[in-house]
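Asker: Residue numbers (my numbering), protein chains in the order written: chain G, 1 to 632; chain D, 1001 to 1306.
Structure provided below as structure tokens; questions to follow.
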Amino acid sequence: MIPDQRDMGLDDAALQAALRRVWSSRGGLLGALASVDHKTVGRRYIVTAFAFLLLGGVLAMLMRWQLAQPEARLMGPDRYNQVFTMHGTNMMFLFAVPVMEAMGGYLVPLMVGTRNIAFPRLNAFSYWVYLFGGLLLWGAFLLDMGPDVGWFAYVPLSGPQYAAGKRADIWAQMITFTEVSALAVAVEIVVTVFKQRAPGMSLDRMPLFVWAMLVTAFIIIVAMPAIVTASTALILDRLVGTHFFNPAEGGDVLLWQHLFWFFGHPEVYIIFVPAVGMVSAIIGTFCRRPVFGYLAMVLALVGIALLSFGLWVHHMFTTGLPRLGESFFTASSMAIAVPSGLQIFCWLATLWGAQPRMAVPMLYVLAFFFTFVLGGMTGVMVASVPLDTQLHDSYFVVAHFHYVLIGGAVFPLLGAIHYWFPKVTGRMMREVTGRWACGMIFLGFNLAFFPMHILGLWGMPRRVYTYQPELPWAGLNLFASVSSVLLAGGFLLFFWNAWRSARHGAPAGDDPWGGPTLEWATSSPPPPWNFTRIPVVESVSPLWDAREALPVAEGLRLDRRELLITSLMDATPEARDSSPQDSIWPLLAAIATSVMLIWSIFTPWAVVWGSIPVAITLIGWFWPRGTPEDES
Amino acid sequence: MGGWQSALAPGGASAEAILGLFWPVVALLGLIWLLVLLVLGAGLLRRAGSQVPRQAYLVIGAATIGTVLVIIGLTTASYLVTRPIAAAAEAPLVVQLRGLQWWWQVTYREEGEAAAFVTANELHLPLGRPVRLELSAEDVIHSFWVPNLAGKQDMIPGRDNVLHLTATTPGTYRAQCAEFCGMQHAHMALLVVVEPAEDFARWRAAQAAPVPAEALAAEGRRVFEQRPCGACHTVRGTTAAGGTGPDLTHLASRGTLAAGLLPMTRGALAAWIADPQTLKPGNNMPLVPLSADELQALTAWLASLR
């Protein structure tokens, strides 16, 4: 290897051979564990998140079974309270947030035309921490130590006095795992988007999905500290007897709710905003025209992000806060309908007369319109203080947030999986099976969840493990339970389709849908170095506008992993920078971190002694290797 | 619609006002939802050029302004509906309601001729008279919700919340805890009996009285006092004066047993005392071993406490 060899003047084959030497991960188990390729990590993230979706779905079916008839005896209250707490915690912290970040972690580097995500070792570390957090939660559940205080863990019920044992500690510490991994990915995405875009991809040429992930990353960075504070204070209350939330000692019960929802409401947008990006990507490609109103779409995303921090109190309308103050939060909560509505209008304009190709991703987008807009309407209703005093904590709210989360985020996500599946695996998902699954999920979802609006108005509270026969709820509950079987069947069909297509699907080629963005410019699946030559971007839809010959940038070295650093606004090339090699240390650091966090459920001294192995693994991680990057 | 625990069948002024806002809002938002789907459907059926027409800017702008107007309207309407609901009335009946895992303690204050007393799991309200409910919690957060009468209000440890309501239709309504409060959140119900003023006054006088003398002679009373029952329960007129469980002085006058779990029958009473942990797992009533004769006597006595 000649030092300082550049990629100029080589033909494709020679160039690829050179890139393979520096970018490929080593084979074998150790090589796989040490990989820092954002695509490897992203695939693991996505598969793990969908595994948790499957497990959370099993819990949902258990709950529907229990509620299908009054005074059912499938589960007692103790088991049921664990099951609904696990369902919520699992779906929010182990499925929805991670899967959206994973989609970003996989796609953003490809869409901005770079060779790896920023801080790839941190990326690998974040995956392992996420995995161990998930295993902690599910392991505890299997040992009958699953949290049973709700995914919101309101004090004092989750405090030392009323939640004996370690169940609530496991919940609180699992949150720490999720915080660490989410913040890590958020930072990576911000830096990747700001400093690693392909030359020419100025901010106004970024794909809308990239904008959505950038905005999401900022929401995570601002929202997570609130839950860090809250869960840490809860652990301290439980472990060392502080009294942050104990009113008898001057603490405050409502403090928890403020902190939790200051994070918890933006959390909804952490899940929803990436889905908005997915819808934009799918609509643009299948209508074969750029999404109408690019600037309005971007401003709407930013507007949603800002507003999402000003409406947490609408979760607390019945706690007895001053009425005038509550009315302010009614206004701010409803105001989020303005940017959301603006996006809907722009999509409708894009679809108007475009005769989109009705493949499965587009069908999911149509399901999204039907379901999400309905959920948005009930969202406006619960934002109204007087209506919310009746609807809050009833099954109406259960219906509402499943409409916005499943309709608003999961439908686009399933569409996005169909859409990007050929890029990730090189194979198409089977279209006919996909249509059946989409139809079953759409129909099953609406039949299962719509009746819950009525149950809520009929007075059925949330989080009840059973109800009595003298209440008129049995019929609709049975209907919802039977319908949920259709929904579950649709999901199983989706999983089966993905499983089967990954092995036997039709080969996809580089660009099966005729997409406009850079990920379709490389092979499927992409090579470890993503792009053999770094593309140069001259418009928001580079592949449509410069299809025959995408201009490329040259000059990167071939004797080490190197990427191009560009300026924040206009993406003009600024520097070449090295990208870290594979390393086993992120895995070891994640193990050490997990041991410390789990140990600290039992004794505060774990923070002292447990930090020693963490320090050792971090030293290993950052040990200078004497490569040029370290010397210059 | 929906019966005795439904927001759609109002029997109180607040619930009526809220429902009066609810249906127009449902109609308006439903219409908007249909409109969006119609535009989507029409757009899909249409065939147009490769570009989005320029007029789209105008339509989107108008739709956005429309959204803003709808939101301003709904916010104003919400505020106008909230204001009278939250307002305090003059000379209300004051009742203190305390949430505990998993039952309700109800305290009526002294008022004129009427003496103060404590009862549980059943709230009686005079028809048409404004009521001021002072809500508190003993242990964890609970939430008081009688959908037929008013919206819910949380009961929070360390805080005192107030709910104003006026019942306008006589009848028996059901309330159920609306904030997850642990194991038996599902079985924490309360009956609310709305009755004419004279019936209410009669009930109130009867509840304030201690156990009548003839009941004190019963064998069941001896069992109640000798066994640990009195450590948690009060029966006014006996030596039982415990404070952690519901007051049982007029137990048999109530419609339900164990916070809405069972109908108030002698059979249910016997079953409950014999095995409270199977009927309501996790609740704070321990199983007190009794002989068959003792159980008989105790049940008969409790069933006589009207």
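Quick reminder that beta carbons are idealized off the backbone N, C-alpha and C, glycines included.
Only a predicted model underlies this, so the values are computations on that prediction, with no experimental measurement involved.
Can you tell which of D:1301, D:1245, D:1260, D:1116 has the C-alpha that lies nearest to the C-alpha of residue 1270 of chain D?
Answerer: For the residues D:1301, D:1245, D:1260, D:1116, the minimum Cα distance to residue 1270 of chain D belongs to D:1301.
Asker: Taking CB distances under 8 Å as the criterion, tell me whether residue 1286 of chain D reaches chain G.
Answerer: By this cut-off, residue 1286 of chain D is not an interface position.
Asker: What residues in its chain sit with their C-beta under 7 Å from that of residue 508 of chain G, if we drop five residues either side in the sequence?
Answerer: 422, 426, 427, 428, 524
Asker: By a C-beta neighbour count over all protein chains shown, 10 Å radius and 16 as the cutoff for buried, is residue 121 of chain G buried or exposed?
Answerer: buried
Asker: Give a yes or no on whether 8 Å exceeds the smallest Cβ distance from residue 337 of chain G to chain D.
Answerer: yes
Asker: When the distance is taken between beta carbons, is residue 1256 of chain D closer than 8 Å to residue 1262 of chain D?
Answerer: yes
Asker: Report the residue from D:1204, D:1178, D:1232, D:1236 whose alpha carbon sits nearest the alpha carbon of residue 1213 of chain D.
Answerer: Looking at the Cα atoms, D:1236 is the closest of the given residues.
Asker: Tell me the rounded alpha-carbon separation between residue 632 of chain G and residue 196 of chain G.
Answerer: Only weak support exists for where residue 632 of chain G lies, its pLDDT of 38 falling under 50; the value from the coordinates is given anyway. Rounded to whole angstroms, residue 632 of chain G to residue 196 of chain G spans 20 Å at the Cα level.
Asker: Can you list the residues of chain D that residue 469 of chain G reaches, using a CB-CB cut of under 8 Å?
Answerer: Within 8 Å Cβ-Cβ: nothing; residue 469 of chain G doesn't reach chain D, min ~11 Å.
Asker: Going by DSSP in three states, residue 1296 of chain D sits in which element: helix, strand or coil?
Answerer: helix
Asker: Look up residue 566 of chain G in the DSSP assignment and say whether it is helix, strand or coil.
Answerer: strand
Asker: Going straight from the alpha carbon of residue 1198 of chain D to that of residue 307 of chain G, what length do you get?
Answerer: For residue 1198 of chain D and residue 307 of chain G, the distance between alpha carbons rounds to 53 Å.
Asker: Which one of G:179, G:74, G:291, G:569 has the shortest CA to CA distance from residue 133 of chain G?
Answerer: From the listed residues G:179, G:74, G:291, G:569, the smallest Cα separation to residue 133 of chain G is found for G:179.
Asker: Using 8 Å as the limit for Cβ to Cβ distance, is residue 169 of chain G near chain D?
Answerer: no
Asker: Closest Cβ-Cβ distance between residue 185 of chain G and chain D: below 8 Å?
Answerer: no
Asker: What does the Cβ neighbour count give for residue 173 of chain G, buried or exposed, with the cut at 16 atoms within 10 Å?
Answerer: buried
Asker: Checking 8 Å against the spacing of the C-beta atoms, do residue 169 of chain G and residue 238 of chain G come in under that value?
Answerer: yes
Asker: List the residues that DSSP assigns as beta-bridge partners of residue 1175 of chain D.
Answerer: D:1190
Asker: Residues of chain D with a CB under 8 Å from the CB of residue 503 of chain G: which are they?
Answerer: Neighbours of residue 503 of chain G on chain D: none; closest Cβ ~34 Å, over 8 Å.
Asker: Runs of 4 residues minimum, wholly inside the region 1030-1091 of chain D: which ones carry the alpha helix (DSSP H) assignment?
Answerer: Qualifying alpha helix (DSSP H) stretches, in chain order: 1056-1086.
Asker: Within 10 Å of its beta-carbon, does residue 1054 of chain D have 16 or more other beta-carbons around it, so buried, or fewer, so exposed?
Answerer: exposed
Asker: Which of the three DSSP states, helix, strand or coil, is assigned to residue 1286 of chain D?
Answerer: coil
Asker: Can you list, in chain order, the residues of its chain with a C-beta nearer than 7 Å to that of residue 1002 of chain D? Leave out the 5 residues immediately preceding and following it.
Answerer: 1008, 1009
Asker: Determine the DSSP secondary structure at residue 100 of chain G, reduced to helix, strand or coil.
Answerer: helix
Asker: Who does residue 1133 of chain D pair with in a DSSP beta bridge?
Answerer: D:1095, D:1163
Asker: If we count the other Cβ atoms within 10 Å of its Cβ and call it buried at 16 or more, is residue 630 of chain G buried or exposed?
Answerer: Below a pLDDT of 50, predicted positions are generally treated as unreliable, and residue 630 of chain G, at 43, falls in that range; no measurement from the model is reported.
Asker: Could you tell me the distance, in whole angstroms, from the CA atom of residue 353 of chain G to the CA atom of residue 186 of chain G?
Answerer: 37 Å
Asker: Return the chain-ordered ranges of every alpha helix (DSSP H) run that is complete within the region 66-122 of chain G and spans a minimum of 4 residues.
Answerer: 77-89, 97-111
Asker: Assess, as a yes-or-no matter, whether the region 390-397 of chain G is touched by the region 336-343 of chain G under the definition of 3 or more beta carbon pairs within less than 8 Å.
Answerer: no
Asker: Return the CA-CA distance between residue 37 of chain G and residue 528 of chain G, expressed in angstroms with no decimal places.
Answerer: 7 Å
Asker: Does residue 1012 of chain D get closer than 8 Å to chain G when you measure Cβ to Cβ?
Answerer: It does not; no Cβ of chain G falls within 8 Å.
Asker: Counting contacts by CB-CB distance shorter than 8 Å, is residue 90 of chain G in contact with chain D?
Answerer: no
Asker: Taking only three categories from DSSP, how would you classify residue 548 of chain G?
Answerer: coil
Asker: Report yes if the CB atom of residue 1254 of chain D is closer than 8 Å to the CB atom of residue 1005 of chain D, and no otherwise.
Answerer: no
Asker: Select from G:356, G:221, G:416 the residue whose C-alpha is nearest the C-alpha of residue 1045 of chain D.
Answerer: Residue 1045 of chain D has its Cα closest to that of G:356, out of G:356, G:221, G:416.
Asker: Could you name each continuous alpha helix (DSSP H) segment of 4 residues or more that falls completely within the region 397-425 of chain G, going from the start of the chain to the end?
Answerer: 411-425
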